[in-house]
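**Student:** What follows is a single structure, and I will ask about it in a moment.
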């Protein structure tokens, strides 16, 4: 275990060193290009070099933020669990929108995304969904997303075209590896099986392959239906359960030094961490960092880096 931990640290440091060297080399090339453009009075070359240097500055700022991802599990893959709250069908549709937002964010970063569970709403959208995002620092980047997210818009489900407010909760917790030992007693687990919901073929829908696992001492509940095999779904659910227990311990430790937002509050008024307003104006605002983005469509298409970076910067 100690060797695995050292190897992970070595690989992380090697990536950081390589990133700095790559930025230095690119900056040197662009400065040379800028000097050449100025000497020849080539405005196109000057503009190209200046634009590239501006982009390098942005890249350097992001790399600096990545150095803040030094928590115990920040480098791990992550689970993202979404649940609908106040708002009925609207809230279920909001969960589906948020699921797409996080999947688009992950895809843009080149991360792998796997849908582990989704429960359709009665009319539209999803009551709940869980995905696993795999990639470097996936948990570190997304851990600040845990909390209640509020949507304000003209409801497509309201014949009178009235404005509705709906809520969804996000719970982010790290995928734990073999180096992290979590002891879960079998007597403390309640396992329920059910038919998988949604698309997936006749076998998935006609057999009780989906698994819901409840940790009785903590009340933590996880669900998995990603596989046709109940055995494999059970194994994945147990891994998710251990990850939730581990995340709970991380939150407890962090709360000892800094008050953190508790994501497991009522999913409704007064508890949101971010508001997404689509009507009567377009604005997404994080209520913790005061960061705003007037391009709500881009945010819902996965452009959430400003909010993730703001959360990390605020913790310094």
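Numbering (this note's numbering), first residue to last: 8 to 323.
Just so you know, even glycine gets a beta-carbon here, dropped at the ideal spot from N, CA and C.
So within the region 26-93, which uninterrupted alpha helix (DSSP H) runs reach at least 4 residues, ignoring any that extend past its ends?
**Tutor:** The region 26-93 contains these whole alpha helix (DSSP H) runs: 50-73.
**Student:** Helix, strand or coil for residue 130 per DSSP?
**Tutor:** Correct three-state label for residue 130: coil.
**Student:** Residues in the same chain with beta-carbon distance under 6 Å from residue 160, minus the five sequence neighbours each way, listed in chain order, please.
**Tutor:** Result list for residue 160: 285 and 286, in chain order.
**Student:** Between 26, 308, 81 and 289, which lies nearest to residue 143 when the distance is taken from Cα to Cα?
**Tutor:** Out of 26, 308, 81 and 289, 81 has the C-alpha closest to the C-alpha of residue 143.
**Student:** Candidates 52, 236 and 305: which alpha carbon is nearest residue 104's?
**Tutor:** Comparing Cα positions, the closest option is 305.
**Student:** Please name the residue in 180, 101, 235 and 245 whose C-alpha comes closest to that of residue 193.
**Tutor:** Answer by Cα proximity: 245.
**Student:** Starting from residue 283, trace the alpha helix (DSSP H) both ways and give me its first and last residue.
**Tutor:** Element bounds for residue 283: not the alpha helix (DSSP H) but the beta strand (DSSP E), 279-284.
**Student:** Considering only C-alpha positions, which residue in the set 237, 203, 313 and 299 is nearest to residue 127?
**Tutor:** Checking every option, the nearest Cα to that of residue 127 belongs to 203.
**Student:** Compute the Euclidean distance between the alpha carbons of residue 283 and residue 172, then round it to the nearest angstrom.
**Tutor:** The straight-line gap from Cα to Cα measures roughly 10 Å.
**Student:** Going by C-alpha to C-alpha distance, which of 197, 149, 91 and 40 sits closest to residue 316?
**Tutor:** The candidate whose alpha carbon is nearest that of residue 316 is 149.
**Student:** How is residue 175 classed by DSSP in three states: helix, strand or coil?
**Tutor:** Here residue 175 sits in strand by DSSP.
**Student:** Less than 9 Å between the beta carbons of residue 252 and residue 152, yes or no?
**Tutor:** Not closer than 9 Å, so no.
**Student:** Helix, strand or coil, according to DSSP, for residue 190 in the structure here?
**Tutor:** If DSSP states are grouped into helix, strand and coil, residue 190 belongs with coil.
**Student:** Which stretch, first to last residue, makes up the alpha helix (DSSP H) that contains residue 291?
**Tutor:** Note, residue 291: premise wrong, no alpha helix (DSSP H); beta strand (DSSP E) at 290-293.
**Student:** What residue range is occupied by the uninterrupted beta strand (DSSP E) comprising residue 154?
**Tutor:** Residues 154-161.
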